[in-house]
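Q:
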Amino acid sequence: MNVIGMPHEQHRDMVQSYHRVRTALGLLGMGLPLVLILGGLLDARHLEPSISDFYHTTYRDIFVGTLCAIGVFLICYRGYGRQSGDMIDDDWLGTIAGMSAFGVALFPNESPTAQIATMTQKMVGISTSPMFHYASALVFFSCLAVFCLKKFTRTAKPVRKRIYLFCGWVIVASLVGIAVASAIKILGSGAPKAAVISYNLVFWLEAIGIWAFGLSWLVKGKADIALVKLARQGALKSAPDA
């Protein structure tokens with residue numbers, strides 16, 4: 653995002669556009685687990701074992717629609733160009749994250765009925781679809797962690813930088829926890845397996861990771877407001893914390 657020499661009005665409009673995208677991503681991230689929690693407890697009187705399992709409930713439209721919206725926003729997000737030391741710029745990272753969000757949404761995990769219910773299951777096979785789903789989820793969470801740990805911290809002020817780092821490491825910890833809990837659920841036995849299932853550990857770890865994603869983008873959107881004020885004052889020379 654190059655703003656040097658840009659007229660103040662044009663820069664203000666651009667920052668406001670970024671603010672809307674970042675805020676929308678944050679709200680979607682914060683809202684998805686909350687809606688599924690409320691829906692599961694009020695409607696079905698229980699939570700599904702994982703967020704992905706809500707695909708196989710009446711909340712499929714919310715699950716798929718929210719992830720597709722997140723995917724669209726991430727693909728449209730451009731951010732900064734490639735900086736010194738970066739392996740990938742914000743645009744490509746957002747595109748990869750967005751495509752993986754579509755993968756999570758459109759390739760269901762294991763179906764409780766073992767019957768083909770979607771076009772993607774028909775295309776790749778009902779036993780192969782979960783592989784695409786989990787691979788997409790791994791890429792999605794990894795990209796979100798990179799945004800927090802590397803991209804957002806680059807120009808952030810100290811307080812926001814600590815928030816981004818916190819969110820990034822929470823996402824990483826959630827990802828590791830999900831992998832461990834899933835392995836125990838599938839391969840384990842006895843008390844550990846029973847604990848993972850009875851306490852919905854996979855669901856809560858996924859929810860925590862998604863909340864961390866939502867919080868980081870809301871904070872990033874909040875940082876834009878200060879830039880808009882500076883642009884209105886005609887005092888902006890560069891783009892700190894944008």
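Residues in the sequence shown are numbered consecutively from 653, following the working numbering.
All C-beta atoms, glycine included, are put in the ideal place defined by N, C-alpha and C.
#1: Alpha carbon to alpha carbon, how far is methionine 783 from glycine 733? Give it in angstroms, no decimals.
#2: Taking alanine 847 as part of the alpha helix (DSSP H), name the residues at either end of that continuous run.
#3: Take the Cβ of histidine 698 as the centre, count every other Cβ of all protein chains shown within 10 Å, and call the residue buried at 16 or more, exposed below.
#4: For the segment 778-847, which segments carrying the alpha helix (DSSP H) assignment without a break, of at least 4 residues, lie completely within its bounds, in sequence order?
#5: How big is the Cα-Cα spacing for threonine 709 and lysine 809?
#6: Within a Cβ cutoff of 8 Å, which residues of the same chain sit near threonine 772, ignoring the five residues on either side of it in sequence?
#7: Return the chain-ordered list of same chain residues with a C-beta closer than 7 Å to the C-beta of proline 701, the five sequence neighbours on each side being excluded.
#8: Would you report the Cα separation of tyrosine 670 and glycine 683, rounded to the nearest angstrom?
#9: Just mark isoleucine 703 as buried or exposed, buried being the case when its beta carbon has 16 or more other beta carbons within 10 Å.
#10: Beta carbon of glycine 866, beta carbon of glycine 678: below 7 Å?
#11: Which first and last residues belong to the alpha helix (DSSP H) in which histidine 752 is found?
A: This is what the structure gives:
#1: 32 Å
#2: 842-850
#3: exposed
#4: 781-798, 810-839
#5: 43 Å
#6: Leu758, Phe759, Pro760, Ser781, Phe784
#7: Ile849, Asn852, Val854, Phe855
#8: 20 Å
#9: buried
#10: yes
#11: The sequence given here has serine at residue 752, not histidine. Note, serine 752: alpha helix (DSSP H), 742-758.
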